[in-house]
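Notes to accompany the following structure.
There are 2 protein chains.
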Amino acid sequence: MVRKLDESLIAPLPPFRRLERTQIREILDQATSRRHDEGSEVFRSGEEADRFFLLLDGVVRVVRILPGGDQVILRHIPPGQLIGIASALGRSTYPASALAASEALTLAWPTRLWAGFVQRYEGFATETWATVGRRLDQLHDDMAAMATQAVEQRVAACVLRMVNQTGRPVEGGIEIAFPITRSNIAEMTGTTLHTVSRLLSAWEKDGVVESRRKHIVVTAPHRLVLLSGASGG
Amino acid sequence: MVRKLDESLIAPLPPFRRLERTQIREILDQATSRRHDEGSEVFRSGEEADRFFLLLDGVVRVVRILPGGDQVILRHIPPGQLIGIASALGRSTYPASALAASEALTLAWPTRLWAGFVQRYEGFATETWATVGRRLDQLHDDMAAMATQAVEQRVAACVLRMVNQTGRPVEGGIEIAFPITRSNIAEMTGTTLHTVSRLLSAWEKDGVVESRRKHIVVTAPHRLVLLSGASGG
DNA sequence: CGATAGATTGAATATACTCAACGGTAGTGG
DNA sequence: CCACTACCGTTGAGTATATTCAATCTATCG
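Chains A and B, in that order, are what the protein sequence lines are.
Here the numbering used here is used: the first residue of the first sequence is -7, the next is one more, and so on.
Here the numbering used here is used: the first residue of the second sequence is -7, the next is one more, and so on.
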């Protein structure tokens, strides 16, 4: 099954960009591929981090469950990124759970191969740290937004980010490319599904978005940018 | 001036723990030391990240300033940690500003030495990534707290963390070891100085803390833990 | 001693949450 | 193919939490 994978699938991705064809073949030969149904777990928080993954297709939701029982969605990961790289950061267990937000396809490698990848493949490490850096940066932005922005601005920013990361053009606008509920957005932005529903309804009335069950199409991105920004026009 | 620095100062710190005395000497010889007055900048957001630092003494506040003008305090860094390691994560500028929260002492190295440190010194890289991992983890916790916890719980958790990281025993309790204002805490927890003031007043009335201008002593840590937890006793 | 930054507290207000009821859509099984 | 069910979504009414506005007080420093 892995043999069927074309090198060209992963060759252009950041971590492998600088590698030669033979190296990519080497890497692919050590991978196992896996399909994940929508809603299924890729890995679970607290489990032994015995693999790391490359998301080939679909979207993965990273979720943290709190002592209290509520869950928080930390981020959505678009195709082409490495996930579950806990071990690279000196952890032996996954710090969060990863769920397939849509049907997803991954490649997986045993964690013990990580050190070799970093040593052997020029640019693999560099690109990975760059990814971690962007993630940190993103998280800092999120923190700042949570600390200072009103709910409407946070929700607007959240929708915009998903559109930017995974948006696909459809007639009349850009659609978020995976199923997403009001409740999901609430768990990302620290609010309730009621408030999200009210906001989306209001925006729909204003012609900024259109939404059907589990789908959101942004019809006026620029206006959403305004809503997410400083002045709440 | 650098010559005066004793190797034993940095030898036990995580990034240098596994190094030999001669290697530590090598590293120290390339460092410049600097004293920072309370409130002064160690580095500024957006600047060319031409150095990285080791905080030897004091506490550094990492601050993000938003387009809107408000600032958010992302974290406090206790002595012994590396800061300004932006370049290690593939950035050419600092993503946030660092201010001395108390008088502070740092060692600084030019960024171009980073790659060499990582290559040459066994364990330096590993320990650094572990630190980054902990930082990420911490940030995820913070996000989750901001998303789900009420203000009182967030403020309680924030005070507790500062006590854990930098607390020093004094008569009657444990004191946060650097000057900290109500306003500072508000900028960390995403609330207002008024609310923080009210909370601290209430806690003081309940005998959980004692505070004077810019100083907070926690007299009943266990009760503060309860306040930060699930059930808001 | 005056000036400035930090802290406290009351009153009014607003934002977003909770509670509650209901409508709609998709999937399942007889 | 239809009924049933579970999940998603909407909307109204009431409320609570924390903010905003405002006034006052108190340390600390030069």
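No residue lacks a Cβ here, since even glycine has one placed at the ideal position from N, Cα and C.
- Per DSSP, the beta bridge partners of A96 of chain A are A:H28.
- Under a criterion of Cβ atoms nearer than 7 Å, the residues of chain B adjacent to A136 of chain A are, in order, R56, L58, V64.
- A contact between stretches requires three or more CB pairs, one per stretch, nearer than 8 Å, and the segment 128 to 137 of chain B meets this requirement with the segment 53 to 73 of chain A.
- The beta carbon of E39 of chain B is closer than 7 Å to those of T85, Y86 in its chain, skipping five residues each way along the sequence.
- By the criterion of a C-beta distance shorter than 8 Å, S203 of chain B is surrounded in its chain by L192, E196, V209, once the five residues flanking it on both sides are discounted.
- A residue is called buried when at least 16 other Cβ atoms come within 10 angstroms of its Cβ; A92 of chain B meets this threshold and is buried.
- Judged by beta-carbon spacing, A90 of chain A lies within the 8 Å limit of E33 of chain A, meaning their Cβ atoms are closer than that value.
- Listed as beta-bridge partners of H186 of chain B by DSSP are no residues whatsoever.
- In the three-state reduction of the DSSP assignment, L81 of chain A falls in the helix class, which pools H, G and I.
- Here the C-alpha atom of R190 of chain A lies approximately 20 Å from the C-alpha atom of H214 of chain A.
- Membership of S203 of chain B in the beta strand (DSSP E) is indicated by the continuous run 201 to 204.
- In this structure, the beta-carbon distance from G125 of chain A to R83 of chain B falls below 8 Å.
- In chain order, G82 make up the part of chain B whose C-beta sits under 7 Å from the C-beta of T118 of chain A.
- The beta carbon of L128 of chain A sits closer than 8 Å to some beta carbon of chain B.
- Taking a contact to require three or more Cβ pairs closer than 8 Å, the segment 92 to 105 of chain B and the segment 35 to 53 of chain B qualify as touching.
- Burial state of P7 of chain B is buried, judged by a 10 Å Cβ sphere holding 16 or more other Cβ atoms.
- The beta-carbon distance between V52 of chain B and I75 of chain B, rounded to whole angstroms, is 6 Å. This is short enough to meet the 8 Å contact definition.
- Proximity of the segment 143 to 155 of chain A to the segment 166 to 186 of chain A meets the contact definition, three or more beta-carbon pairs being nearer than 8 Å.
- Using a Cβ-Cβ cut-off of 7 Å, P87 of chain A is close to D129, H132 of chain B, given in chain order.
- Closest by C-alpha distance to M154 of chain B, out of B:V162, B:E167, B:E163, is B:E167.
- Q111 of chain B and V162 of chain A have their alpha carbons spaced roughly 49 Å apart.
- Under the three-state reduction of DSSP, G165 of chain B is assigned to strand.
- Residue environment analysis places R160 of chain A among the exposed positions, since fewer than 16 neighbouring C-beta atoms fall within 10 angstroms of its C-beta.
- Contact between V147 of chain A and I177 of chain A holds, since their C-beta atoms are separated by about 6 Å, short of 8 Å.
- Taking a C-beta cut-off of 7 Å against chain A, the contacting residues of the segment 139 to 169 of chain B are A139, T140, listed in chain order.
- When 7 Å is used as the limit between beta carbons, G125 of chain B is near these residues of chain A: L81, G82, R83, in chain order.
- Inter-residue distance for R205 of chain B and G221 of chain B is about 27 Å (C-alpha atoms, whole angstroms).
- At a cut-off of 8 Å between beta carbons, G76 of chain B makes no contact with chain A.
- With respect to chain A, the C-beta atom of W101 of chain B has no partner C-beta closer than 8 Å.
- Where R112 of chain A is concerned, the enclosing alpha helix (DSSP H) starts and stops at 106 to 112.
- Listed along chain B are M138, A139, T140, each with a C-beta nearer than 8 Å to that of G182 of chain A.
- The residues W101, L105, in chain order, have a CB closer than 7 Å to that of Q22 of chain B in the same chain once the five nearest residues on each side in sequence are set aside.
- By the Cβ-count criterion, T14 of chain A is exposed, with fewer than 16 other Cβ atoms from all chains shown falling within 10 Å of its own Cβ.
- The Cβ-Cβ distance between R9 of chain B and G165 of chain B does not fall below 8 Å.
- Annotation: T123 of chain B to G108 of chain B spans about 19 Å, alpha carbon to alpha carbon.
- In the structure shown, the three-state DSSP call for E33 of chain A is strand.
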